[in-house]
Amino acid sequence: PDARNEAPPTVDEARQEAPPAPASRESYLSRYQTALSDFNRRKYTQAIEQFSALLRLPEQNEMTDNCAYWIGESRYALGEYARAADAFGTVLSMGGSDKADAALIMRGQTYIRMGRKADAKNDFRRLLDAYPHSQYTKQARRLLKTTR
């Protein structure tokens, strides 16, 4: 099959593939910035591939949750809502993530797109309870009121 037509791996699939050679911190950050740049230029499939490659590295660091988060944002932008929700869930499973509040608001919005309004409301409530001073609390309150 033509590899160009295959969907990039999910976050969990990316972690299960054979890890590439270790990268220096500078190299990692450079690759991360390249992937984020692709995201910002709306090159979502390329961003997913690059963030997934970083997730496959054997040495994980404080940017690992960010990679999973941006995979979720990319999948959301591509309309791949189930895979986006999975990626945001991966972020939430990483204890102490600085992206947890962002993952909750995005997963909630993803659930709305999927018609899973009760799950969306749960994520908005969870955000408000766990992160009362988050930059997303105002948005979570609004979405909680308007999601029916």
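Our numbering numbers the first residue of the sequence shown as 250 and each following residue consecutively. The C-beta atom is built at its ideal place from N, Cα and C for all residues, glycine as well.
Extent of the continuous alpha helix (DSSP H) run through residue i
i, result
"residue 321", "313-326"
"residue 385", "Neither: residue 385 is in no alpha helix (DSSP H) and is coded neither H nor E."
Nearest-angstrom Cα separation, counted from residue j out to residue i
i, j, result
"residue 388", "residue 373", "9 Å"
"residue 273", "residue 342", "26 Å"
"residue 323", "residue 355", "11 Å"
"residue 352", "residue 299", "19 Å"
"residue 288", "residue 316", "11 Å"
"residue 284", "residue 349", "20 Å"
"residue 311", "residue 371", "27 Å"
"residue 386", "residue 394", "12 Å"
"residue 347", "residue 331", "23 Å"
"residue 369", "residue 340", "16 Å"
"residue 286", "residue 279", "10 Å"
Whole-number beta carbon distance between residue j and residue i, since they are thought to touch under 8 Å
i, j, result
"residue 334", "residue 360", "7 Å"
With 16 other Cβ atoms within 10 Å as the buried cut-off, status of residue i
i, result
"residue 291", "exposed"
"residue 367", "exposed"
"residue 384", "exposed"
"residue 314", "buried"
"residue 309", "exposed"
Nonlocal neighbours in the same chain, by C-beta distance under 7 Å from residue i, ignoring five residues either side
i, result
"residue 320", "260, 297, 300, 301 and 336"
Cutoff 6 Å; reference residue i; Cβ partners in own chain excluding five residues on either side
i, result
"residue 253", "Any reading at residue 253 must be qualified, since the residue scores a pLDDT of 46, below 50, and its modelled position is unreliable; the value itself is stated next. Excluding positions up to five away in sequence, the list is empty."
Contacting residues, own chain, Cβ-Cβ under 8 Å from residue i (five flanking each side not counted)
i, result
"residue 381", "none"
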